[in-house]
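**Student:**
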Amino acid sequence: MSTLIRNARVIDPASGLDETADIAIAGGRIAGIGPGLSASPADRIFDARGLIATPGLIDPHVHLREPGQTHKEDLASGSAAAVAGGFTTVCCMPNTTPALDSPELVEWVLYKSHAAASCRVFPVAAATTGRKGEHMAEIASCARAGAVGISDDGDVVASPGMMRQVLQNTHHAGLAFMQHCQEPSLTSGAPMHAGNVALRLGLLGWPREAEEIIIERDIRLNRPIGCRYHVQHISSGNSVDIVRRARAEGQPVSAEASPHHLTLTHEACAWPDGNSYNADAKMNPPLREQSDIDALIAGIVDGTITILATDHAPHTADEKARPFEEAPFGIIGLESALALYCDALVAPGHIDWAKLVELLTINPARLCNLDRRNRGDDGLGEIFVGGPADITLINPDHAWTFSEADIASKSRNTPFLGRSFKVRAVATIVAGELKHELVTN
């Protein structure tokens, strides 16, 4: 099917394009970009006046829970949540059952996603066998099988000796290592940030240092190796400073920020009465303080943080209904992320639309070797003639209130239900196929 998108504001940070133009799509690829393209061969025409057309959004950090945890999410439901939020590509973490620690499992995810998923799904393989931190996984074989990154996400690679080996082998495989930065000896039994809310609720606190120590350790270990090292879901203002210094020294270090760490503080862990718990705001790393939010935003503005990622982590209602200390960490994020990023970053004037799109497209594509440099004409994260027709159409002036009806995920664990937004993805096109379109009355 051929499609013509007319009169959109086309933003493609990879090429610097930001102008009103048409986009022609044929055979699943971009056939033309420019003003006044002919509509004669098009089977479908989008009147995109007032809309923004971007490369398909890419999320390098999601949990799709398949295999082994499909009561929470699976490839079909997780990818449906992705396209509902404007994402055309997601990279799924290896904390499944079993862990994605072998080339056979990497290939299985790729095979299954081709049949079941609404968007492109690329697996991130485990760093250690079973994600237990004891024996290195088959990193090189997983890379050859199609893994786009290496991580034990959900757990840190705690042993410095093992971490050194993982960095060396990840570097030789040509991938980035994505670290869940948590020193476990500082967080055992702690369900939330170490601050006045934890004290008020009588809970153990999770200090910022648990994140900062691991980042500092890993940067030092990586200096003689030069592996691309990526800090997942950064939460501490001091961590931003550490990454900033490393990047200034020329170290191959990057970091991502998640929507909840840009919009909520630890106060969200308590219901409005102030003295009871809200497990939907329990996440890892924990929500911190306004000073940390301010530091994360400053890091995005100055280029220290170069990627935005949801850390979409579904859990069932029964799991989140457990006592706060026993409830699992995590929040779904794919359907609400774009609106939250705009609330936190674009609406206050911290960054413009072009910068936001860069953080959500070409930068994560480069991190995961999905860009044009690595994949040629199959490169993702940008709009170019002959390239994949992955396009997100965004209405920058669409008032809506987030409700359960907007959730495609199997799970509902989010503290953002009932929140009003002003921006929304209204159409998601993957390989030329319309995978999601917002229907309004």
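Positions 4 to 444 (my numbering) are the ones given, in order, by the sequence shown. Ideal Cβ placement from N, Cα and C applies to all residues, glycine included.
How many whole angstroms separate the CB atoms of THR92 and THR395, which I take to be in contact at a CB cut-off of 8 Å?
**Tutor:** In fact, because the Cβ distance is near 11 Å, the residues do not count as touching under 8 Å.
**Student:** Give me the Cα-Cα distance between ALA340 and LEU348, rounded to the nearest whole angstrom.
**Tutor:** About 12 Å.
**Student:** Tell me the rounded alpha-carbon separation between VAL112 and GLY379.
**Tutor:** Between VAL112 and GLY379, the C-alpha separation is close to 23 Å.
**Student:** Identify whether LEU207 lies in helix, strand or coil by the three-state DSSP scheme.
**Tutor:** LEU207: coil per DSSP, three-state reduction.
**Student:** Select from MET286, CYS371, LYS115, GLU76 the residue whose C-alpha is nearest the C-alpha of ALA330.
**Tutor:** Of the candidates MET286, CYS371, LYS115, GLU76, the one whose C-alpha sits nearest the C-alpha of ALA330 is MET286.
**Student:** Following the continuous alpha helix (DSSP H) through VAL173, name the residue where it begins and the one where it ends.
**Tutor:** Note that residue 173 is Thr in the sequence shown here, rather than Val. First-last of the alpha helix (DSSP H) with THR173: 163-176.
**Student:** Rounded to whole angstroms, how far is the Cβ of GLU76 from the Cβ of SER423, which I believe are closer than 8 Å?
**Tutor:** With a Cβ gap of about 26 Å, GLU76 and SER423 do not count as contacting.
**Student:** Is it right to say TYR114 is buried, meaning 16 or more other beta carbons lie within 10 angstroms of its own, or is it exposed?
**Tutor:** Exposed: under 16 other Cβ atoms inside 10 Å.
**Student:** For GLU259, which beta-bridge partners are listed by DSSP?
**Tutor:** DSSP, once it has assigned bridges, lists ILE310 as partnering GLU259.
**Student:** Can the beta-carbon of ILE26 be found closer than 8 Å to that of ILE397?
**Tutor:** No, they are not a contact pair.
**Student:** Could you pull the start and end residues of the beta strand (DSSP E) that GLY435 belongs to?
**Tutor:** Segment: none, GLY435 is in no beta strand (DSSP E) and carries neither H nor E.
**Student:** I believe GLY39 touches VAL65 by the beta-carbon criterion, under 8 Å. Please report the beta-carbon distance rounded to the nearest angstrom.
**Tutor:** About 38 Å separates the two Cβ atoms, so there is no contact after all.
**Student:** With a Cβ-Cβ cutoff of 8 Å, do ASP221 and HIS183 count as a contact?
**Tutor:** No. Outside cutoff.
**Student:** Rounded to the nearest angstrom, how far is the Cβ of ALA150 from that of VAL109, given a contact under 8 Å?
**Tutor:** That belief holds up - the Cβ atoms of ALA150 and VAL109 are roughly 5 Å apart, short of 8 Å.
**Student:** With a 10 Å radius around its C-beta and 16 neighbouring C-beta atoms as the bar for buried, classify HIS117 as buried or exposed.
**Tutor:** Burial call: exposed.
**Student:** Which word fits HIS138, buried or exposed, when buried means at least 16 other C-beta atoms lie within 10 angstroms of its C-beta?
**Tutor:** With fewer than 16 Cβ atoms within 10 Å of its Cβ, HIS138 is classed as exposed.
**Student:** Is the CB-CB distance between MET181 and VAL127 below 8 Å?
**Tutor:** Going by C-beta atoms, MET181 is nearer than 8 Å to VAL127.
**Student:** Just to check my reading of the structure: ILE33 and GLY390 have Cβ atoms closer than 8 Å, yes? What is that Cβ distance to the nearest angstrom?
**Tutor:** 5 Å between Cβ atoms; contact.
**Student:** Between THR461 and ASP62, which are expected to be in contact by the criterion C-beta below 8 Å, what is the C-beta distance as a whole number of angstroms?
**Tutor:** Outside the displayed range of the chain (4 to 444) lies residue 461, so it cannot be described from this structure.
**Student:** Just mark ASN199 as buried or exposed, buried being the case when its beta carbon has 16 or more other beta carbons within 10 Å.
**Tutor:** Classification for ASN199: exposed.
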